[in-house]
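*Asks:* Residue numbers (our numbering): 13 to 346.
One structure coming up, written as structure tokens, with questions to follow.
What follows is the structure, given as structure tokens:
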């Protein structure tokens, strides 16, 4: 492939949103790395919108966004990978400090590469992407801290989004009674199709003006991609020994709580980091996503597929909370 297409973000000046353009590039334009990949699919995450539309976290321009990619190795100087291997690359610096997945060709460090697990196609891997990996990592950590279906109901905040949708489907498939919280009750049928037993408005999980450090115990566990006042409420309503797995900040970064839920109910507040997750754990979670954690609705209800040309609008939409489930980007031929 002498020339390839990519969605390129260029600076419009300090304080201005980047300009997004599909450009023709050559391999010489790519950054250094041991593994070159012909990209088949990428995906759309909230973080991609922050990078591509708002210009957050980008240190220099021009830049190719896209924190996820799946594809086939073209060449590799690392003996662990050879031409023709199917691989996944997510997290680390991809799409933020390093050119990302919105490109027909990508070059990355070998230490960021995960072999495509058995049980997943390249397309399915990107339906999951960082959001699906984060959801699975949340479930992994909750179960590592003692969660089982007999312990009681599990609530998923931000359930219409990427992390939330996959988490609802994974948990339901493992036999949990799932309550899905969303700001869009119009998505009730969608969430119940994913396996939610109950659907509530997000306001029911939001800290009211009457702050209480501890409330009536409701949940054995919670998956929280939201943060802010939603997290405050969740911490105060966990059952004894319950856990909340926090992975996001769409509801804000400030959290006011007290020691009471921790010392009176022995709860666990678990931080979920998909970016620097150790490779051993990362591979284990991806392997489980191809087996016992694989969502049942992976190729139908959850996914919307778009092209590079449709990306700028979709990136804007995800920042406005208008995207449900997972959006994947068809980049090249499989």
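Note that the Cβ used here is the ideal one computed from N, Cα and C, for glycine as well.
Check the DSSP bridge columns for residue 317 and list the partner residues they point to.
*Replies:* Along the chain shown, read from residue 1 onward, the residue named residue 317 stands at position 305. Beta-bridge pairing links residue 317 to 340.
*Asks:* Expressed to the nearest angstrom, what Euclidean distance is found between the alpha-carbon atoms of residue 68 and residue 260?
*Replies:* As a working mapping, residue 68 is identified with position 56 in the chain shown. As a working mapping, residue 260 is identified with position 248 in the chain shown. If you take the alpha carbons of residue 68 and residue 260, they lie about 16 Å apart.
*Asks:* Does the pairing of the region 123 to 139 with the region 81 to 93 give three or more beta-carbon distances under 8 Å?
*Replies:* yes
*Asks:* Could you round the C-beta distance between residue 167 and residue 231 to whole angstroms and report it? I think they count as a contact, below 8 Å.
*Replies:* For this step, residue 167 is matched to residue 155 along the chain shown. For this step, residue 231 is matched to residue 219 along the chain shown. Contact holds; Cβ gap of about 5 Å.
*Asks:* Could you give the DSSP three-state label for residue 261: helix, strand or coil?
*Replies:* Position 249 of the chain shown, counted from the start, is the residue given in the question as residue 261. In the structure shown, residue 261 sits in coil (DSSP, three-state: anything other than H, G, I, E or B).
*Asks:* Name the residue from 303, 64 and 282 whose alpha carbon lies nearest to the alpha carbon of residue 243.
*Replies:* In the chain shown, residue 243 corresponds to position 231, counting from 1. The shortest Cα separation from residue 243 among 303, 64 and 282 belongs to 282.
*Asks:* Please state whether the Cβ-Cβ distance between residue 51 and residue 83 is less than 8 Å.
*Replies:* The residue given as residue 51 occupies position 39 in the chain shown. The residue given as residue 83 occupies position 71 in the chain shown. Yes.
*Asks:* How do the region 319 to 338 and the region 145 to 162 stand: do at least 3 beta-carbon pairs fall below 8 Å, yes or no?
*Replies:* With the cut-off at 8 Å, the region 319 to 338 and the region 145 to 162 do not touch.
*Asks:* Does the region 256 to 273 come into contact with the region 201 to 209, if we say contact requires no fewer than three beta-carbon pairs (one atom in each stretch) closer than 8 Å?
*Replies:* no
*Asks:* Under the assumption that residue 150 contacts residue 289 (Cβ atoms under 8 Å), give the Cβ distance between them as a whole number of angstroms.
*Replies:* Along the chain shown, read from residue 1 onward, the residue named residue 150 stands at position 138. Along the chain shown, read from residue 1 onward, the residue named residue 289 stands at position 277. Going by Cβ atoms, the distance from residue 150 to residue 289 rounds to 12 Å, so no, they are not a contact pair.
*Asks:* Might you give, ordered along the chain, the residues of its own chain that have their beta carbon closer than 8 Å to the beta carbon of residue 216, omitting 5 neighbours on each side?
*Replies:* As a first step, residue 216 is located in the chain shown; it is residue number 204 there, counting from the start. Answer for residue 216: 193, listed in chain order.
*Asks:* Round the Cβ separation of residue 279 and residue 250 to the nearest angstrom and send it over; I've been treating them as touching at under 8 Å.
*Replies:* The residue given as residue 279 occupies position 267 in the chain shown. The residue given as residue 250 occupies position 238 in the chain shown. So it is a contact: roughly 5 Å between Cβ atoms.
*Asks:* So, do the region 139 to 149 and the region 166 to 186 have three or more beta carbon pairs nearer to each other than 8 Å?
*Replies:* yes
*Asks:* Check whether the Cβ atoms of residue 120 and residue 79 lie closer than 8 Å to each other.
*Replies:* By one-based count along the chain shown, residue 120 stands at place 108. By one-based count along the chain shown, residue 79 stands at place 67. Contact: no.
*Asks:* Pick from 132, 214 and 233: whose alpha carbon is nearest that of residue 199?
*Replies:* If you number the chain shown from 1, residue 199 lands on position 187. Measuring from the Cα of residue 199, the nearest candidate turns out to be 214.
*Asks:* Look at residue 236 and residue 169 and say whether their C-beta atoms are less than 8 Å apart.
*Replies:* Within the chain shown, residue 236 is the residue found at index 224, counting from 1. Within the chain shown, residue 169 is the residue found at index 157, counting from 1. Result yes, Cβ atoms of residue 236 and residue 169 sit closer than 8 Å.
*Asks:* For the region 88 to 163, which segments carrying the beta strand (DSSP E) assignment without a break, of at least 3 residues, lie completely within its bounds, in sequence order?
*Replies:* 98 to 102, 117 to 120 and 125 to 127
*Asks:* Classify residue 336 as buried or exposed, calling it buried when 16 or more other Cβ atoms lie within 10 Å of its own Cβ.
*Replies:* Your numbering for residue 336 matches position 324 in the chain shown. Flag for residue 336 reads buried.
*Asks:* Extract the residue ranges of the beta strand (DSSP E) inside the region 179 to 219, only unbroken runs of 3 or more that lie entirely within it.
*Replies:* 190 to 194 and 210 to 213
*Asks:* Considering Cα atoms alone, identify which of 98, 174, 26 and 41 is closest to residue 14.
*Replies:* Taking the first residue of the chain shown as 1, we reach residue 14 at position 2. It is 41 whose Cα lies nearest to the Cα of residue 14.
*Asks:* Quick check: residue 315 and residue 139, are their CB atoms within less than 8 Å of each other?
*Replies:* Along the chain shown, read from residue 1 onward, the residue named residue 315 stands at position 303. Along the chain shown, read from residue 1 onward, the residue named residue 139 stands at position 127. Yes, the pair counts as a contact, with Cβ atoms nearer than the cut-off.
*Asks:* Looking only at its chain, what residues have a beta carbon closer than 7 Å to the beta carbon of residue 227, apart from the 5 residues adjacent to it on each side?
*Replies:* By 1-based counting over the chain shown, the position of residue 227 is 215. Result list for residue 227: 248 and 249, in chain order.
*Asks:* Tell me whether residue 307 is buried or exposed, calling it buried when 16 or more other Cβ atoms sit within 10 Å of its Cβ.
*Replies:* If you number the chain shown from 1, residue 307 lands on position 295. Result: buried.
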